[in-house]
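Engineer: For the sequence shown, position 69 (counting from the first letter as 1) is numbered 69 according to the working numbering, and the numbering increases by one without interruption.
Built from N, CA and C at the ideal position, the CB exists for glycine as well.
Values in this document were obtained by computation on a predicted structure and should not be read as measured data.
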Amino acid sequence: MSTSVRTASPDETRAFGRRLSDVVQAGDVIALEGDLGTGKTELVRGIAEGLDVVTSVHSPTFVLHHRYQGRLPVEHFDLYRLQGLAWVDTGLDEPAPDAVTLIEWPDRAAVLETWATTLIRLQPRGEQEREFTLVRGPERIRDLFEHATRD
Ligand SMILES: Nc1ncnc2c1ncn2[C@@H]1O[C@H](COP(=O)(O)OP(=O)(O)O)[C@@H](O)[C@H]1O
Ligand SMILES: [Mg+2]
């Protein structure tokens, strides 16, 4: 079975994120890999919505991450601005055990990348089409990818 899911609009991406929120657990670390504009933040928005986060989700700009309160807290990292730095000390020893951690541009901080037990690759497939491929992840997330159909 395929481990890729396609969406045809930002709304569909958020809807897919809401479905993902049903299977994530505290302590999960999900890396989102894909170029600018592929929908990483949009997917984070959907996951946060599904976890009853009420504040609006924007990529952290001057800090490494935001923490949003929800049914499960969401730790949202966006490491885009770390480009060009040879080494980054995040000061963090371990992923938040009580939260779901979502990381955009995970390759820019090796320590965070090693935390990620789930890796989702995002690719543009048209102006409004995006493909989400589960590269690795636990069974519950794999199941969701395998059964997801367009909303
Ligand atoms: N199917 C889709 N899923 C997500 N975003 C889409 C989709 N189609 C078009 N878009 C647009 O692509 C952009 C994605 O932005 P964003 O989520 O911030 O990307 P990233 O965080 O990967 O840089 C938004 O402008 C959004 O409206
Ligand atoms: Mg983003």
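(1) On a Cα-Cα basis, can you pick out the residue from V24, A109, L119 that is closest to L92?
(2) May I ask you to report which of helix, strand or coil DSSP gives T61?
(3) I'd like the list of long-range same chain contacts for H76, defined as Cβ closer than 7 Å, with 5 residues on each side in sequence excluded.
(4) Have a look at the DSSP bridge pairing and note the partners of S4.
(5) Got a sec: does ligand 1 put a non-hydrogen atom nearer than 6 Å to the Cβ of R18?
(6) Using CA coordinates, which residue listed in E146, T38, L112 is at the minimum distance from A96?
Structural biologist: This is what the structure gives:
(1) Against the sequence shown, residue 92 aligns to sequence position 92. The shortest C-alpha separation from L92 is found at A109.
(2) Here residue 61 refers to the residue found at position 61 of the sequence shown. Correct three-state label for T61: coil.
(3) Within the sequence shown, residue 76 is the residue found at index 76, counting from 1. If we look at H76 and ignore the five residues flanking it on each side, its Cβ neighbours are V44, V57, P60, H65, H66, Y68, L102.
(4) Translated into positions along the sequence shown, residue 4 becomes position 4. The partner list for S4 (beta bridge, DSSP) reads T133.
(5) Residue 18 sits at position 18 when you count from the first residue of the sequence shown. Because no heavy atom of ligand 1 lies under 6 Å away, the Cβ of R18 does not count as near it: no.
(6) In the sequence shown, residue 96 corresponds to position 96, counting from 1. Ranking the options by Cα distance to A96, first place goes to L112.
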